[in-house]
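Quick note on UniProt numbering: the sequence shown kicks off at 1 and runs consecutively. Using N, Cα and C, we set each Cβ at its ideal position, and we do this for glycine too. Contents: one structure, followed by commentary.
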Amino acid sequence: MGTATGQWPARSLLGVLAPPARAELLALGSRVTFQKGAPLLREGGPDRHLLLLLTGFAKVTAAVENGERSLLAVRVGGDTVGEMAALDGSSPRSATVTACGEMTARTVQPAALHELLKRRPEISLALAVIVANRLRWANQRRLEFRGYPVKVRLARILVELATAYGRRSEGGVVIGCRLTQPELADLTGAAETTIHKALRDLRAEGLLESGYGSTTISDPAGLRHAADLGPDPWPVL
1 MGTATGQWPA
11 RSLLGVLAPP
21 ARAELLALGS
31 RVTFQKGAPL
41 LREGGPDRHL
51 LLLLTGFAKV
61 TAAVENGERS
71 LLAVRVGGDT
81 VGEMAALDGS
91 SPRSATVTAC
101 GEMTARTVQP
111 AALHELLKRR
121 PEISLALAVI
131 VANRLRWANQ
141 RRLEFRGYPV
151 KVRLARILVE
161 LATAYGRRSE
171 GGVVIGCRLT
181 QPELADLTGA
191 AETTIHKALR
201 DLRAEGLLES
211 GYGSTTISDP
221 AGLRHAADLG
231 PDPWPVL
């Protein structure tokens, strides 16, 4: 697995690009700042720009039948949001993206993005791979909802978050985006009470610790075992 590139997570768009291509992408558009709770994009909105996240992290949610909102994913600095509308002109927006703290980003209009992708096909390929990986992850989640118990599904979600967004520390791998139990329930497809028990079990087994604003994977190999995953080496983050 890849390693983080400077300040960007290894699996993010800015993390996978070579410095020259990254610099050209970062030069596009205009810089914007969002405060905690501010919407970056709104579900149903007609706008088509892409946001290149620079700092902070955001939550991607969508409305469900009962009128509540369900957490679909998290995005951090180095990631993009709104790329589908920018690439194919689709509208309205399919989800809302909300800042979970102060964030900075660059707003990139479709025309500027398309011109860059023609000039830098490696960026186009990298973006296509990231979109494909997101779709694959969503499909995998749907399969896991039917085939695995909640504890295994939760462990897999935590492994995925740590692989994509974690960083090494003396105590293990730190996931800097703290998710509430209802949000973990959304991602895992389980009841909140069941998630509470699964988290308690994982903590009791010494696999993770929760602190203010973060979760630390204390035993990465043990968490992979709990997730029923193979002994692949944990990424160096």
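Quick check on residue 211 - is its C-beta less than 8 Å from some C-beta in chain D? Looking at the structure shown, chain D is missing, and only one protein chain is on hand.
Range of the contiguous alpha helix (DSSP H) that encloses residue 76: Run containing residue 76: none in the alpha helix (DSSP H); it sits in the beta strand (DSSP E), 69 to 76.
By the three-class DSSP mapping on this structure, what secondary structure does residue 41 have? strand
Measure the beta-carbon distance from residue 222 to residue 199 and round it to whole angstroms, keeping in mind my assumption that it falls under 8 Å. About 15 Å; that fails the 8 Å criterion.
Three-way DSSP call (helix, strand, coil) for residue 81 in this model: strand
Proximity of residue 162 and residue 150 at Cβ, strictly below 8 Å: no
Between residue 197 and residue 127, what straight-line distance do the alpha-carbon atoms span, to the nearest angstrom? 38 Å
Which residue wins for smallest C-alpha separation from residue 244, given the options 68, 224, 88 and 52? Outside the shown range of the chain (1 to 237) lies residue 244, about which nothing can therefore be said.
Just checking, does the stretch 99 to 116 make contact with the stretch 28 to 37 on the three C-beta pairs under 8 Å criterion? yes
How many angstroms separate the CA atom of residue 116 from the CA atom of residue 25? 8 Å
Whole angstroms is fine: what's the gap from residue 12's alpha carbon to residue 76's? 8 Å
Answer with buried or exposed for residue 97, where buried requires no fewer than 16 other C-beta atoms within 10 angstroms of its C-beta. buried
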